[in-house]
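Protein chains in written order, with UniProt numbering: chain A, 1 to 233; chain B, 1 to 233.
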């Protein structure tokens with residue numbers, strides 16, 4: 001995933017889209033392998049899109065497709081793939097109908113949102129109409145969380161996921177330092193499962209959430225039962 | 001910044017450290033240019049550390065320095081820089097004193113937290129003792145937010161920032177499509193300032209926060225006054 005926006009990097013806004021996408025992808029069995037967050041700076045966006053597009057099966061971007069001067073994502077994506085970009089008739093028709101319904105003018109700024117690379121296919125935006133788009137393996141979506149989430153819901157059914165990743169979590173009220181030895185041996189005994197330890201401190205008490213993840217439900221459940229035995233109070 | 005951890009990418013945990021660091025860096029005039037989030041997978045960590053270390057003045061990492069088998073960050077950092085790594089006497093002495101005080105055993109798992117690359121300098125951890133470390137331009141810190149924040153507070157005074165970036169924000173209750181034209185012209189008239197537009201929708205009303213950023217307070221204030229005039233209701 002690529003998150004685009006100065007407001008995230010300055011600490012002004014706390015990104016919510018990464019967490020949303022991560023959860024949705026996990027549900028349908030697609031691993032989110034890497035996230036990059038870059039500023040509204042064309043060379044940074046172009047380089048990141050190219051690198052991620054080569055490295056991964058799918059790339060999801062968030063941000064920078066609105067009507068203002070700092071919304072440069074669509075042009076950067078076109079540049080990254082050597083595609084042409086201009087106001088497209090299909091996108092313009094969507095916007096025209098939307099603004100006609102609301103009695104607002106489809107002015108030059110709003111028309112920027114119909115700038116779509118020539119070879120892209122549109123992503124439906126049931127919230128505010130202005131579409132996202134997919135080109136090659138890159139899915140370009142809005143930064144406003146409600147719109148991003150609606151676009152994710154439009155895109156995900158078109159992708160082929162693996163088996164959903166199942167997980168079971170055991171909360172253990174002991175410091176990680178006390179459990180790390182046996183937990184490491186447990187992980188070594190279960191090479192087909194991912195075994196993670198996520199420490200916390202709550203009211204001065206140290207504990208850890210031990211998470212087993214895998215695609216095979218029976219294997220996850222059996223390992224979870226062994227983990228409960230291992231760390232029974 | 002490099003955030004390390006499967007739990008972020010799976011959507012299990014929502015990262016808080018990036019937002020904290022972004023805010024603190026902005027306060028002292030350091031630009032956060034890029035964030036990457038990678039899994040607990042050695043090749044991914046090593047490649048990201050090497051790439052970011054070459055590209056930027058400073059790199060901050062979060063996560064993967066605890067006592068469990070999936071805490072592989074320290075070893076990856078050593079590998080990334082061709083340094084050796086083992087339990088270091090200075091770090092062991094800190095942990096020994098800490099566990100002696102609390103009457104707990106400094107067992108093999110906890111001793112993992114004293115594994116520090118040979119050429120690194122330690123980062124103070126006033127919360128739970130186990131240190132972070134800096135090597136070359138990379139600052140390696142814990143993922144638990146309270147500990148991460150304490151380590152950031154230890155590291156930042158050692159860095160040289162630029163002038164703090166100042167910002168003023170104007171909330172405008174008009175759709176971005178209505179303001180994008182004049183706002184673009186305004187931005188073009190102020191090439192030394194950064195002018196951003198961050199749309200929102202609240203109770204069905206569209207608006208945008210217009211943010212002016214710059215290092216020169218007088219310039220920011222003068223531009224903000226002009227922006228208020230431009231979008232006076």
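All C-beta atoms, glycine included, are put in the ideal place defined by N, C-alpha and C.
To which residues does DSSP link residue 176 of chain A through a beta bridge? DSSP, once it has assigned bridges, lists no residue as partnering residue 176 of chain A.
Can you grab the Cα-Cα spacing for the pair residue 151 of chain A / residue 31 of chain A, in whole Å? 19 Å
Listing by chain order, which chain A residues have their CB less than 7 Å from the CB of residue 110 of chain B? 177
Return the residues of the stretch 186-202 of chain A that lie within a Cβ-Cβ distance of less than 8 Å from chain B, sorted by chain order. 187, 188, 194, 195, 196, 197, 198, 199, 200, 201
Mapping DSSP to helix, strand and coil, what is residue 168 of chain B? strand
According to DSSP, simplified to helix, strand and coil, what is residue 133 of chain B? strand
Quick one: using the 10 Å Cβ neighbour count with 16 as the cut-off for buried, is residue 82 of chain A buried or exposed? exposed
In or out: residue 36 of chain B buried (at least 16 other Cβ within 10 Å) or exposed? buried
Once DSSP output is grouped into helix, strand and coil, what is the label at residue 12 of chain A? coil
Using the rule of at least 16 other Cβ atoms within 10 Å of the residue's Cβ for burial, across every protein chain shown, is residue 197 of chain B buried or exposed? buried
Report the rounded CA-to-CA distance for residue 19 of chain B versus residue 19 of chain A, giving the unit in angstroms. 13 Å
Cβ neighbour criterion (16 or more within 10 Å) applied to residue 102 of chain A: exposed
Please decide whether residue 66 of chain B counts as near chain A, where near means a Cβ-Cβ distance under 8 Å. yes
Any Cβ of chain A within less than 8 Å of the Cβ of residue 171 of chain B? no
Spell out whether any CB of chain B is found under 8 Å from the CB atom of residue 37 of chain A. yes
In chain order, what residues of the same chain have a beta carbon less than 7 Å from the beta carbon of residue 16 of chain B, not counting five sequence neighbours either side? 145
Go ahead and pull the three-state DSSP assignment for residue 226 of chain A. helix
Residues of chain A with a CB under 7 Å from the CB of residue 89 of chain B: which are they? Those within 7 Å of residue 89 of chain B in chain A number zero; the least Cβ separation is about 19 Å.
Near-chain A residues of the stretch 134-156 of chain B - C-beta to any C-beta below 8 Å: 144, 146
Spatial neighbours of residue 217 of chain A within its chain, please: CB distance less than 6 Å, with the 5 preceding and 5 following residues excluded, ordered by chain position. 166
Quick one, which residues of the stretch 17-32 of chain B are near chain A if we go by CB-CB under 9 Å, in chain order? 18, 19, 20, 21, 22, 23, 24, 25, 26, 27, 31, 32
Count the CB pairs spanning the stretch 90-100 of chain A and the stretch 64-79 of chain A that are closer than 8 Å, and state whether there are at least three. no
Suppose you measure from the CA of residue 226 of chain B to the CA of residue 108 of chain A; what does that come to, to the nearest Å? 23 Å
Helix, strand or coil at residue 89 of chain B according to DSSP, with G and I counted as helix: helix
Could you pull out every unbroken alpha helix (DSSP H) segment of at least 4 residues lying fully inside the stretch 73-127 of chain A, listed in chain order? 73-80, 89-102, 108-111
Quick check on DSSP: helix, strand or coil for residue 139 of chain A? strand
Residue 193 of chain B and residue 223 of chain B look like a contact to me (Cβ under 8 Å); what is the Cβ gap, rounded to whole Å? 6 Å
Pull out every residue of the stretch 46-61 of chain B whose Cβ sits closer than 9 Å to any Cβ of chain A, in chain order. 48
Alpha carbon of residue 228 of chain B to alpha carbon of residue 159 of chain A, nearest angstrom: 46 Å
Determine, using beta carbons only, whether residue 23 of chain B and residue 143 of chain A come nearer to each other than 8 Å. no
Hey, residue 117 of chain A and residue 77 of chain A are a contact pair by Cβ (cut 8 Å); roughly how many whole angstroms apart? 6 Å
Helix, strand or coil, according to DSSP, for residue 68 of chain B in the structure here? coil
Do residue 91 of chain A and residue 122 of chain A have their CB atoms nearer than 8 Å? yes
I'd like to know if residue 180 of chain A contacts chain B, where contact means its C-beta is closer than 8 Å to some C-beta of that chain. yes
From the DSSP output, in three-state form, read off residue 63 of chain B for me. coil
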